[in-house]
Ligand code: NAD
């Protein structure tokens, strides 16, 4: 472990993301020695807090996740400082700059800065521009970290990208898609490189279809306000599902270099087959949850901060196709929803009969579990790969899942190391937004009959029919 040096400036330092994800991840990095003596964290938000009060809030949230002694937490919290800040006030950026410089001297942080946007997306551009115009940048590195959502359609994503690009060069921008921080998603290229037979089978000669499911058991909880501006297509498909497909279906990278991997992903997304509005009607379905069978749970339209006649979708299933030598003719079925029977994140790769010629049993299904389930991570025909009679896919020894890092922890190490492989590039977002816009535009022109599925079920029947029509069926079926 090599200790890293940096001053973190967290915009939105009093918020939910900072307390639930960032501070616990920084604490793990502190305990493992990635962060030690040469770092400090400046939290900013509007409220006038003292350093001591801020540290108390940090320690309080750490206690939800760790049972380390309070003295270790206090020692860690000594690296935390607070600066009240209004995103539009230039004076506040000067104060921030001076505080960062002072802490850099105090902790010998090597003039490195990580600017983390844990703040409402409408402020991303403003804050990035002020960091630049008020001269916060140093002669060390200056990395800008952007949370999701990155726009709500192609136009707004372009505008946001234009604003941050004026202030930061692309190489210094780290766009977070936390699914790219998950171990299984990171390891897919290694799995492919390590298992030649598996790699050889990953194309339209041998694959019948590929299914990606990101299912949640819970509803929108207290995030109804945000959800009303998004819906599951924007919230899960445009980013997470597309990135999972990218890792699984891009051409095999010749090296693990970020530039090469991104190029292959960009090429894949650029080959997404465009749909006509009529095709959207056929190939994409949407749903919104009703109460459960007992009538106990809220329907989506009864949730806090949700309109009584909301047409926002909480479920979608669809069929994507690619125009490429490798994948044309193979349907990629995607599905994501809230209030489904269980929480799961998985990729099911369904092979056809021809794989026999590679020595893989005909019609074999390989399941990659993005969230480990009951200790399993890869299933072959529903059986743990270690117990399966087939052995064409296994982990490279050192990549096994034990002690997997939390997604944010892993992404913060990458940011501190200047490794952009697990972040999204603008070109990828442009292609995926363009694709999603076609669906959103069609949907906006029609009124759905919502609600259309009972909480705790697999979504509307149309999601089953989507596959039946092609002679296929969902592998994950409750
Ligand atoms: P939040 O509402 O809990 O926190 C927002 C923060 O911004 C607070 O610290 C608040 O004080 C600060 N703030 C608000 N207006 C300000 C202003 N005018 N000037 C300065 N500071 C201001 O939000 P959150 O849930 O922590 O989300 C933060 C970002 O992270 C958002 O972009 C969100 O989309 C993204 N995100 C959050 C989660 C999550 O689980 N919470 C997950 C993924 C992405």
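Residue numbers (the UniProt record's numbering): 2 to 479.
Glycine residues also receive a C-beta, built at the ideal position from the N, C-alpha and C atoms.
Per the Cβ contact rule, the stretch 234–245 is in contact with the stretch 431–447 (3 or more Cβ pairs under 8 Å).
For residue 77, the three-state secondary structure derived from DSSP is helix. Nearest C-alpha to residue 213 among 229, 300, 250 and 196: 250.
At least one heavy atom of the ligand NAD falls within 7 Å of the beta-carbon of residue 86. Between residue 196 and residue 427, the C-beta gap is not smaller than 8 Å, which leaves the two residues out of contact. Rounded to the nearest angstrom, the gap between the Cα atoms of residue 422 and residue 310 is 42 Å. By the neighbour-count criterion, in which a residue is buried when 16 or more other Cβ atoms sit within 10 angstroms of its Cβ, residue 89 is exposed. When the five nearest sequence neighbours on each side are left out, the beta carbons in the same chain lying within less than 7 Å of the beta carbon of residue 454 are those of 288, 290, 291, 316, 460 and 461, in order along the chain. With respect to residue 365, residue 476 sits apart: the two C-beta atoms are not nearer than 8 Å. Nearest to residue 126 by alpha-carbon distance, out of 107, 113 and 150, is 150.
Contact between the stretch 175–192 and the stretch 368–378 is present: three or more C-beta pairs spanning the two stretches fall below 8 Å. For the stretch 227–293, the continuous alpha helix (DSSP H) assignments of 4+ residues that do not extend past its boundaries occur at 243–250, 259–271 and 278–284, in sequence order.
Counting along the chain, the unbroken alpha helix (DSSP H) around residue 414 starts and ends at 408–418. Secondary structure at residue 2: coil, using DSSP grouped into helix, strand and coil. For residue 44, the uninterrupted beta strand (DSSP E) run begins and ends at 40–46, by DSSP. In the pairwise beta carbon analysis, the stretch 26–35 is classified as touching the stretch 411–418: at least three pairs are separated by under 8 Å. DSSP, read as helix, strand or coil, puts residue 201 in helix. Excluding five sequence positions before and after residue 97, the CB atoms of its chain that fall closer than 6 Å to its own CB belong to 84, given in chain order. Residue 61 and residue 345 have their C-alpha atoms roughly 30 Å apart.
In this structure, DSSP gives residue 182 a helical state, which the three-state scheme calls helix.
Taking C-alpha positions only, residue 40 is separated from residue 235 by approximately 35 Å.
Here residue 221 has 228 and 304 as same chain residues with Cβ atoms under 6 Å from its own Cβ, once five neighbours each way along the sequence are excluded. The straight-line gap separating the alpha-carbon atoms of residue 2 and residue 37 is approximately 11 Å.
Here residue 9 is not near residue 128, since their CB atoms are 8 Å or more apart. With respect to the 8 Å criterion, residue 177 and residue 165 are not classified as neighbours on the basis of their beta carbons. In this structure, the straight-line span from the alpha carbon of residue 319 to that of residue 225 is close to 24 Å. In chain order, 8 and 41 place their CB closer than 6 Å to the CB of residue 104, counting only its own chain and leaving out the 5 sequence neighbours on each side.
Of the residues assessed, residue 137 falls on the buried side of the cut-off, its CB having 16 or more other CB atoms within 10 angstroms. Distance from the CA atom of residue 280 to the CA atom of residue 469, rounded to whole angstroms, is 17 Å. Residue 43 and residue 95 do not touch by the CB rule: their CB atoms are close to 14 Å apart, not below 8 Å. Residue 168 is a Cβ neighbour of residue 132, given a cutoff of 8 Å. Judged by their CB atoms, residue 429 and residue 154 are not nearer to each other than the 8 Å cut-off. According to DSSP, residue 212 shares a beta bridge with 334 and 349. Beta-bridge analysis with DSSP links residue 366 to 351.
Residue 472 sits exposed, since fewer than 16 C-beta atoms from the chains shown fall within 10 Å of its C-beta. Going by C-alpha positions, residue 45 is about 23 Å away from residue 223.
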